[in-house]
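Colleague:
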Amino acid sequence: MDAFLASLVSIGFHGLAYGMILYVISVGLSVTMGLMGFVNLAHGVFAMAGGYLMYSLMTRLGLPWLPALALACLLVAAGSMALERLLYARLYAAGELPQVLFTIGLIFVAVAVARIAYGPLPLAAPLPDFLSGQVELGSRSFPTYRVGVIVAAGIIIAALWFGLERTRWGAMVRAAVDNRAMAQSVGIDTGRLFTTTFALGSGLAALGGALGADLIAMTPTYPFEQLVYFLIVVAIGGLGTLRGPFLGALLIGIGDTACKYWVPQFGAFFIYAATMALLLWRPQGLLGRAQ
Amino acid sequence: MKTLTSALLAGAVALSLAGQAPAQTVRIGLINTYSGPMASNGDQIEKAVNLFMKSGQCKLPAGVKLEIIKRDDTGINPETAKRLAQELIVRDRVQMLAGVVWTPNALAIAPLATEAKVPFVIFNAGTAMITTLSPYIARTSFTLWQSSYPLGAWAAKRFKTAYVAVSDFGPGHDAQEAFTRAFTEGGGKVIGTVRMPPPTSDFAPFLQRVKDAKPEALFVFVPAGKSATAFMKGFGDLGLGQAGIKLIGPGDIVTDEELPNMGDVPIGVITMFHYSAAGDRPANKAFVAAYQKEYGPNAWPNFISVGAWDGMQAICDVVAAQNGKIDPDKTMLLLRGWKNPNSPRGPIEIDPRTRDIIQNEYIRETRKVGGILKNVELETIPMVKDPWKEYNVK
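Protein chains in written order, with the numbering used here: chain R, 471 to 761; chain A, 2 to 395.
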């Protein structure tokens, strides 16, 4: 019995760390899809850019870990804003097919650029001393890095929820998701709102990518390899909500870890089976609203 | 008019002769992993082959030349490997095939070697049964049984329980089977086994399971290169060493060129393997010195480099022995029993019966020597034949 409880703690812990990172990366995707109705498959590019930028800032410019993380996140947010204005905005009125083709194309470009700039091998920025080793909690020891990931992601998520639920900007975003025409008619500048929200989502993805680089390896094919997980998180959770993707991400994180722990021979089978079952049961996602 | 025509004709003949390579150019098709997330292993082959060709070790009769045609299989990718081998044989008319980091790729190429009668010298892929798939295959690298079986016997004298964690493809299955067999024969008990998907970058869930099971020793095979480093990182992060679990395995997990990236985690890891860059044989010292002269003082050759280095030597020797005119069956006859008493890894020989390599295996411990990690050879088990074939090939 003790062994079983210990295994539950192990799975819960590693699943939580993975799920939290997955959530921080994909929440932006859920919001942009819900807000703008835009299918941005290239979302993972921003997460990858965050990881690689942080690597460059630390190894080339010698910045310490925390400033490098913050700067990488800000740079990606700024870059994504430019991309949104120059490229994405032109396709808001287009159908889903042009949007999908465009964003897939963007992934190909990003993969090629990353391969030229960083080579084909996985890279990770060196972790600071305070994130290596183990911490003792009760009678068990846990890897410090993962504890740090859970704490940091928790803070980010709390700040995000506070921002969307309690601030004026959050109210505007929620209004625009609910009914864009009405929001516009009461004087909300939805174009500007889109840009800032897009930048925020991309910045969060970069933060997640950089923070989680030791969990989800940084390789040039990252945007392709991880895309299916981001989409599953959003599909399970439902579009335009914050809590839905959170549930989705935790489900994937804990389910995937449990599967690796107990039945490793099934590989990723569980995730896909669970996704199919969930979507058959609730096609709009766990917390999505029926159309 | 007549003179003009004949002059033109002579010119055309001369041109066509000039366009053709000399008759004794031997074309070798090298299939290797140059791109993708596992490309660091292919890089070891590439560097060893180039160094070998530059070193003057390849002594060919006058007029005979080697032309190496390189192709990229991009990783564990049997369809691509097969297509490349086909193109090399049919279009480029290569007379021998060589290279191949990955077992699945070697398996895909084997039937083509038989069908086209093209001798195929394997520089790395280490699953035991590969050489049984075609009479035109010879191997200069190693088999997982060669290291994992003696390691199992060694471990049974020191540990009562072990956990086995391997990558879920051919070499991993071999390592698991070989170790488990020898360890249980010696009286040890395997209390758990896990097969991990080969492109794993986060080993924490698997390792957590091992930690919770509390074995005395953990036997591991993951592919050399970045996978081994990611594994070692997980081992350190989860504190398995502090929990009193001894890490053992074939040398892939402490591959020489990645040791500088592994931190202090591998100190004390015991491995059984045929090559360490720290080996103190004069031939190895010369090899490492030449490698570092060419590629920089921080570049380390590993077992893959040595497999390719010796493989190129074997190819050169059989080409020279036939004076550049390659006959497939004669080539295989020459490869069977081919010897090099002075390889960087010690004496080696191709088993005339199985066309697989016979070589020393060394028990090594990873230690910090002069500030850097090295795989220090402690004991030698001389001239080990592939145990799998002793059991399975009559």
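The beta-carbon is built from N, C-alpha and C at its ideal position, and this holds for glycine as well.
These figures come from a predicted structure and were not determined experimentally.
When the Cα of residue 34 of chain A is compared with those of A:49, A:61, A:351 and A:73, which residue comes out closest?
Modeller: Within the second sequence, the letter at position 33 stands for residue 34 of chain A. Out of A:49, A:61, A:351 and A:73, A:73 has the C-alpha closest to the C-alpha of residue 34 of chain A.
Colleague: Taking residue 587 of chain R as the query, report the chain A residues whose CB atoms sit under 7 Å from its CB, ordered along the chain.
Modeller: Locating residue 587 of chain R in the first sequence gives position 117, counting from the first residue. Here the premise fails: no neighbours, minimum Cβ distance about 15 Å.
Colleague: Let's see if you can read the secondary structure: which residues bound the alpha helix (DSSP H) around residue 714 of chain R?
Modeller: Sequence index remark: in the first sequence, residue 714 of chain R carries index 244 (1-based). 713-732 is the extent of the alpha helix (DSSP H) around residue 714 of chain R.
Colleague: Below 6 Å CB to CB, which residues in the same chain sit around residue 211 of chain A once its five sequence neighbours on both sides are set aside?
Modeller: Within the second sequence, residue 211 of chain A is the residue found at index 210, counting from 1. Excluding sequence neighbours, residue 211 of chain A sits near 164 and 219.
Colleague: What in chain R is Cβ-close to residue 40 of chain A, meaning under 9 Å?
Modeller: Residue 40 of chain A sits at position 39 when you count from the first residue of the second sequence. Ordered by position in chain R, the residues that pass the 9 Å Cβ test against residue 40 of chain A are 589, 590 and 591.
Colleague: Compare the C-beta of residue 633 of chain R against all C-beta atoms of chain A and say whether one is closer than 9 Å.
Modeller: The residue you call residue 633 of chain R lines up with position 163 of the first sequence. Interface criterion not met: the Cβ of residue 633 of chain R is under 9 Å from no Cβ in chain A.
Colleague: Alpha carbon to alpha carbon, how far is residue 133 of chain A from residue 112 of chain A?
Modeller: Residue numbering aside, residue 133 of chain A sits at position 132 when the second sequence is read from its first letter. Residue numbering aside, residue 112 of chain A sits at position 111 when the second sequence is read from its first letter. Annotation: residue 133 of chain A to residue 112 of chain A spans about 11 Å, alpha carbon to alpha carbon.
Colleague: Check whether the Cβ atoms of residue 525 of chain R and residue 683 of chain R lie closer than 9 Å to each other.
Modeller: Stepping through the first sequence from its first residue, residue 525 of chain R is reached at position 55. Stepping through the first sequence from its first residue, residue 683 of chain R is reached at position 213. A contact, by the Cβ cut-off of 9 Å.
Colleague: 9 Å is my cut-off, CB to CB: does residue 598 of chain R come that close to chain A?
Modeller: By one-based count along the first sequence, residue 598 of chain R stands at place 128. With 9 Å as the cut-off, residue 598 of chain R does not count as an interface residue toward chain A.
Colleague: Answer yes or no: does any C-beta atom of chain A fall closer than 9 Å to that of residue 752 of chain R?
Modeller: Looking up residue 752 of chain R in the first sequence gives position 282. Not one chain A Cβ lies under 9 Å of residue 752 of chain R.
Colleague: Chain R beta carbons: is any one of them nearer than 9 Å to that of residue 231 of chain A?
Modeller: Against the second sequence, residue 231 of chain A aligns to sequence position 230. Closer than 9 Å: yes.
Colleague: What residue range does the beta strand (DSSP E) around residue 365 of chain A cover?
Modeller: Here residue 365 of chain A is taken as the residue at index 364 of the second sequence, counted from 1. Where residue 365 of chain A is concerned, the enclosing beta strand (DSSP E) stretches over 358-370.
Colleague: Mind pulling the chain A residues with CB within less than 9 Å of residue 615 of chain R?
Modeller: Looking up residue 615 of chain R in the first sequence gives position 145. In chain order: 238.
Colleague: Report yes or no: do the stretch 34-49 of chain A and the stretch 91-103 of chain A share at least 3 C-beta pairs separated by less than 8 Å?
Modeller: They touch, by the three-pair rule.
Colleague: For a quick check, are the C-beta atoms of residue 143 of chain A and residue 274 of chain A less than 9 Å apart?
Modeller: To locate residue 143 of chain A, count along the second sequence from 1; it is residue 142. To locate residue 274 of chain A, count along the second sequence from 1; it is residue 273. Yes, the pair counts as a contact, with Cβ atoms nearer than the cut-off.
Colleague: Could you give the distance in angstroms between the alpha-carbon of residue 298 of chain A and the alpha-carbon of residue 288 of chain A?
Modeller: Reading the second sequence from its first residue, position 297 is the one you call residue 298 of chain A. Reading the second sequence from its first residue, position 287 is the one you call residue 288 of chain A. Residue 298 of chain A and residue 288 of chain A: Cα-Cα distance of roughly 13 Å.
Colleague: Can you grab the Cα-Cα spacing for the pair residue 389 of chain A / residue 128 of chain A, in whole Å?
Modeller: Reading the second sequence from its first residue, position 388 is the one you call residue 389 of chain A. Reading the second sequence from its first residue, position 127 is the one you call residue 128 of chain A. Distance between the alpha carbons of residue 389 of chain A and residue 128 of chain A: 10 Å.
Colleague: Could you check which residue in A:197, A:199 and A:246 has the C-alpha nearest to that of residue 215 of chain A?
Modeller: As a first step, residue 215 of chain A is located in the second sequence; it is residue number 214 there, counting from the start. Closest in alpha carbon position to residue 215 of chain A, among A:197, A:199 and A:246, is A:246.
Colleague: What whole-angstrom Cβ distance do residue 730 of chain R and residue 207 of chain A have, given they're in contact under 8 Å?
Modeller: Your numbering for residue 730 of chain R matches position 260 in the first sequence. Your numbering for residue 207 of chain A matches position 206 in the second sequence. Indeed they touch by this definition, with Cβ atoms about 6 Å apart.
Colleague: Does any residue of chain A bring its CB to less than 9 Å from the CB of residue 513 of chain R?
Modeller: Position 43 of the first sequence, counting from 1, holds the residue named residue 513 of chain R. Taking Cβ atoms only, chain A never reaches closer than 9 Å to residue 513 of chain R, which makes this a no.
Colleague: State yes or no: is the C-beta of residue 362 of chain A within less than 9 Å of the C-beta of residue 202 of chain A?
Modeller: Locating residue 362 of chain A in the second sequence gives position 361, counting from the first residue. Locating residue 202 of chain A in the second sequence gives position 201, counting from the first residue. In this structure, residue 202 of chain A does not lie closer than 9 Å to residue 362 of chain A by Cβ.
Colleague: Quick one: grab the DSSP three-state call for residue 348 of chain A.
Modeller: As a first step, residue 348 of chain A is located in the second sequence; it is residue number 347 there, counting from the start. Strand at residue 348 of chain A.
Colleague: Roughly how many angstroms separate the alpha carbons of residue 302 of chain A and residue 78 of chain A, rounded to a whole number?
Modeller: Residue mapping note: residue 302 of chain A aligns to position 301 of the second sequence, counting from 1. Residue mapping note: residue 78 of chain A aligns to position 77 of the second sequence, counting from 1. Each residue's Cα considered, the two are about 25 Å apart.
Colleague: Can you list, in chain order, the stretches of the alpha helix (DSSP H) that have 4 or more residues and sit fully within the stretch 599-681 of chain R?
Modeller: 614-636, 638-648, 650-655 and 660-681
Colleague: Enumerate, from N- to C-terminal direction, the unbroken beta strand (DSSP E) stretches of 3 or more residues contained entirely within the stretch 138-214 of chain A.
Modeller: 138-140, 162-168 and 190-197
Colleague: Grab me the residues of residue 325 of chain A's own chain with a C-beta within less than 6 Å of its C-beta, minus the 5 sequence neighbours each way, in chain order.
Modeller: For the purposes of this step, residue 325 of chain A is taken as residue 324 along the second sequence, with counting starting at 1. 25, 27 and 65.
Colleague: Closest to residue 380 of chain A by C-alpha separation, out of A:47, A:277 and A:49, would be which residue?
Modeller: In the second sequence, counting from the first residue as 1, residue 380 of chain A sits at position 379. Nearest C-alpha to residue 380 of chain A: A:277.
Colleague: Would residue 621 of chain R pass as a contact of residue 580 of chain R if the rule is Cβ separation under 9 Å?
Modeller: As a working mapping, residue 621 of chain R is identified with position 151 in the first sequence. As a working mapping, residue 580 of chain R is identified with position 110 in the first sequence. It is not a contact, given that the beta carbons lie outside the stated cut-off.
Colleague: In this structure, how does DSSP classify residue 238 of chain A when only helix, strand and coil are distinguished?
Modeller: To locate residue 238 of chain A, count along the second sequence from 1; it is residue 237. Three-state result, residue 238 of chain A: helix.
Colleague: Could you pull out every residue in the same chain whose Cβ sits closer than 7 Å to the Cβ of residue 736 of chain R, ignoring the five residues on either side in sequence?
Modeller: What you label residue 736 of chain R is simply residue 266 of the first sequence in a count that begins at 1. So the qualifying residues of the chain are 729.
Colleague: For residue 22 of chain A and residue 95 of chain A, what's the separation of their Cα atoms in angstroms?
Modeller: Counted from its first residue, the second sequence places residue 22 of chain A at position 21. Counted from its first residue, the second sequence places residue 95 of chain A at position 94. Only weak support exists for where residue 22 of chain A lies, its pLDDT of 48 falling under 50; the value from the coordinates is given anyway. So the two alpha carbons sit approximately 13 Å from each other.
Colleague: Between residue 687 of chain R and the ligand COA, is the CB less than 8 Å from at least one heavy atom?
Modeller: Questions concerning the ligand COA fall outside what the structure shown contains, since it holds no ligand whatsoever.
Colleague: In the DSSP assignment, find the unbroken beta strand (DSSP E) run with residue 701 of chain R in it and report its ends.
Modeller: The sequence position of residue 701 of chain R within the first sequence is 231, counting from 1. Premise fails: residue 701 of chain R lies in the alpha helix (DSSP H), 692-707, not in any beta strand (DSSP E).
Colleague: For residue 210 of chain A, return the contacting residues in chain R, with the cut-off set at a CB-CB distance below 7 Å.
Modeller: One-based indexing of the second sequence puts residue 210 of chain A at position 209. Per Cβ cutoff of 7 Å: 731.
Colleague: Classify residue 586 of chain R as buried or exposed, calling it buried when 16 or more other Cβ atoms lie within 10 Å of its own Cβ.
Modeller: Looking up residue 586 of chain R in the first sequence gives position 116. Classification of residue 586 of chain R: exposed, given that the 10 Å Cβ count is below 16.
Colleague: Where residue 343 of chain A and residue 387 of chain A are concerned, what is the direct C-alpha to C-alpha distance, given to the nearest angstrom?
Modeller: As a position in the second sequence, residue 343 of chain A is number 342, starting the count at 1. As a position in the second sequence, residue 387 of chain A is number 386, starting the count at 1. Taking the straight line joining both Cα atoms gives about 20 Å.
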